[in-house]
Every structure is written in structure tokens, then in C-alpha cells.
Amino acid sequence: MPESVSRRPSAPVIPARAAGPWLLWALLLAPLHAVRAEEATPELRAPTKDELARYSWLAKDARVRPLSAAIPPPEGFTRVAVEAGSFGAWLRGLPLRAPETPVLHFRGGEVLAGDDARLAAVAELDIGTANLQQCADSIIRLHAEWLWSSNQRDLIAYRFTSGHLASWPKYAEGDRPRIAGSKVTWVRSAQADASRKAFRAYLDQVFTYAGTLSLEGAKGRPSREQVRPGDFFVLGGSPGHAVLVLDVATDTAGARVALLGQGFMPAQDFQVLASGAGSSPWFPLDADVVTTPFWKPFPWSSLRRFP
Numbered sequence: 586m587p588e589s590v591s592r593r594p595s596a597p598v599i600p601a602r603a604a605g606p607w608l609l610w611a612l613l614l615a616p617l618h619a620v621r622a623e624e625a626t627p628e629l630r631a632p633t634k635d636e637l638a639r640y641s642w643l644a645k646d647a648r649v650r651p652l653s654a655a656i657p658p659p660e661g662f663t664r665v666a667v668e669a670g671s672f673g674a675w676l677r678g679l680p681l682r683a684p685e686t687p688v689l690h691f692r693g694g695e696v697l698a699g700d701d702a703r704l705a706a707v708a709e710l711d712i713g714t715a716n717l718q719q720c721a722d723s724i725i726r727l728h729a730e731w732l733w734s735s736n737q738r739d740l741i742a743y744r745f746t747s748g749h750l751a752s753w754p755k756y757a758e759g760d761r762p763r764i765a766g767s768k769v770t771w772v773r774s775a776q777a778d779a780s781r782k783a784f785r786a787y788l789d790q791v792f793t794y795a796g797t798l799s800l801e802g803a804k805g806r807p808s809r810e811q812v813r814p815g816d817f818f819v820l821g822g823s824p825g826h827a828v829l830v831l832d833v834a835t836d837t838a839g840a841r842v843a844l845l846g847q848g849f850m851p852a853q854d855f856q857v858l859a860s861g862a863g864s865s866p867w868f869p870l871d872a873d874v875v876t877t878p879f880w881k882p883f884p885w886s887s888l889r890r891f892p
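The opening residue of the sequence shown carries number 586 in our numbering; numbering runs sequentially from there.
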């Protein structure tokens, strides 16, 4: 049965979970990260013409810094190669707000203080005025924005929790969902509109009826050795949770670390996570689970990939 707006309750922040090798790794990385971040933090600037095209929601007067410049890899690590024009390459340029910007929810209240040890950065990304763009929705939003900006708009389609497909091309032609219990039918009931405004309305429609259970059903299931920027970890449920792999770096010995980002409940700013131990934003990928500050550990069997 499709999830509705009522599936989105407000939830308290879950305390950070840290244990064993993960905590030790974070403590070892923290001093290096702190020094490099201070040296490399770029100044805020207006988005370039290219950035305005790639990140279509940006305002011309925004002040941003790209993720790859703002968060360098730990000493001895280098970012893994990504294909030009890929979702992973696009994520590396994700525009971020000023350092120590707090996380706000959809009504404007503060969720996380800017100096919270579990917060590395906040993306310059609108969240709307309804309690819709939460964890799974934020991942869908970013993937859809990449397809939109890379002229792959015919491929924009996501599944409701019920399994029914919501296609942007059909929505743009005027199709709208009619929902009766667990049944969804699409009916031509609106004028054709392929504008940016219509696209955002389509995304809100997807956010209303999709969730972590939708993402959990993704057919792309890479192994831990294949993890790359653009993949995501998801544990479906009501509530469930999902985090996006924003970047991956490796050292000469083959150890790997990742940048992780999330939306959360209630709908709030998309945030780059930090470990909470010295505020290192790079999470180790050498254990049987990936531990993040706001949810139970993600097993590798929860790793997914968009088509």
C-alpha cells in the first residue's frame, strides 16, 4: 500500500552509536582531517555558469563551495576514479553552505547546531515547505536532479512503496495518479507541462508515496568491493533510513573510506555526516557494517545502486 504524508512522523534525533574499530579509526583520522580541512576550506563564492546549469535549483546570488574542494580526503588517501558525467562525478561538485551552518527543518527550526560533532557540512539544497523530503526522498531528489541537468529526463522514474512506477515523462504529459487502497492508476487529467515548476511538483508527488521500502527494492546491488559514489545504503521500514555515498577514497594499501550524506525526519537540510569522534567526515569501509551517527549500522547487504 502506498505510503502517504501521514507516514512521516516527527522523530527525535537518535544518539550517536560508536563502537570498536570504527571509533578507533575515527580517532586516528580526526587530527589529520582537522588540519587538512582548515588548510583547504575554500572561500564561499557565487555559483559559476556551469554550476547553475548542473545544479538547477541554485540561485544566482547563492554563496557556495563545492564538496570536493571543501572536504579533502584524509592524508595518504586519494579519491577513486569516476566516469565523467556520472552521478558520482556530479555529487563531487555538490554545492555546500558555509562551514558550521546549522541544519534546519522544513518549517525553519534548527535540528542540528552548526558545530554538532556529527555534522560535517550542509548542502545548498531547498527542502520545500512540507514534511516530505526526508532520507529516501533526498536521495531520489539528488539522483533526479542529476538526470534533469544531464539531459536524461526521459529516464526519471521512481517507484512508490506499492511498487507502481511514477514516470516524469508521463507526468509531464499530464498523467496524474489515482490511488484507491493499494491500487494506483495513472490518468491523463492535467495539461502537458515539462517546466521546472512541474518537475518539482512531480518530485513532491514521488516523495509523498515513496520511501525507504521503495529504495530497498532497487535491482542494483553492488558488492562491498564495488561501492562507488552515488550508491546508497538503505534499511527499509516505517520508519527506515537511507544514506547516500557521496564519495570514496582509497590508500595504497587498499583501505577505503567514504563520505556519507543524508536527509532525515522531519524533512530537513541534506547534510554531510561526520563520525562524531573529532568530526572526521570520512567513514571506514573495512568492517562488516557501516556505522553512522543517527541509525543502526548498515550491513553490506543493504547497499544499493540506481540503474
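Even glycine gets a Cβ: it sits at the ideal position worked out from N, Cα and C.
Continuous alpha helix (DSSP H) stretch holding residue i: start and end
i: residue 640; result: Element bounds for residue 640: n/a, residue is neither H nor E.
i: residue 674; result: 672-677
i: residue 746; result: No alpha helix (DSSP H) holds residue 746; DSSP gives it neither H nor E.
i: residue 757; result: 753-758
DSSP three-state assignment for residue i, whether helix, strand or coil
i: residue 791; result: helix
i: residue 767; result: coil
i: residue 624; result: Unreliable positioning characterises residue 624 in this predicted model, as indicated by a pLDDT of 43, which lies under 50. The coordinate reading is nonetheless provided below. DSSP places residue 624 in helix when its eight states are reduced to three.
i: residue 847; result: strand
i: residue 867; result: strand
i: residue 715; result: coil
i: residue 761; result: strand
With 16 other Cβ atoms within 10 Å as the buried cut-off, status of residue i
i: residue 776; result: exposed
i: residue 843; result: buried
i: residue 746; result: buried
i: residue 893; result: Since the first and last residues shown for the chain are 586 and 892, residue 893 lies out of range.
i: residue 736; result: exposed
i: residue 682; result: buried
i: residue 722; result: buried
i: residue 748; result: exposed
i: residue 795; result: buried
Residues near residue i in its chain [Cβ-Cβ closer than 6 Å; skip 5 each side]
i: residue 711; result: 642
i: residue 773; result: 759 and 760
i: residue 742; result: 750 and 752
i: residue 801; result: 819 and 821
Range covered by the beta strand (DSSP E) that runs through residue i
i: residue 728; result: Where residue 728 is concerned, there is no enclosing beta strand (DSSP E), although the alpha helix (DSSP H) it sits in stretches over 720-734.
i: residue 817; result: 817-820
i: residue 704; result: 704-707
i: residue 835; result: 826-835
Same chain, Cβ closer than 7 Å to residue i, five either side skipped, listed in chain order
i: residue 627; result: 650, 654 and 655
i: residue 827; result: 720, 721, 724, 797, 800, 817, 818 and 819
i: residue 859; result: 702, 703, 704, 705, 865 and 866
8 Å Cβ cutoff, residue i in contact with chain B
i: residue 687; result: As a matter of chain content, chain B is missing from the structure shown, which is built from one protein chain.
Chain-order list of residues whose beta-carbon lies under 8 Å from that of residue i (same chain, five-residue window excluded)
i: residue 678; result: 636, 639, 640, 651, 652 and 653
i: residue 804; result: 892
i: residue 663; result: 834, 835 and 836
* Is it true that the stretch 805-815 meets the stretch 695-703, where meeting means three or more beta-carbon pairs spaced less than 8 Å apart? -> no
* Between the stretch 778-791 and the stretch 721-732, are three or more C-beta pairs nearer than 8 Å? -> The stretch 778-791 is in contact with the stretch 721-732.
* **Given 8 Å, three or more beta-carbon pairs between the stretch 685-695 and the stretch 763-770** => no
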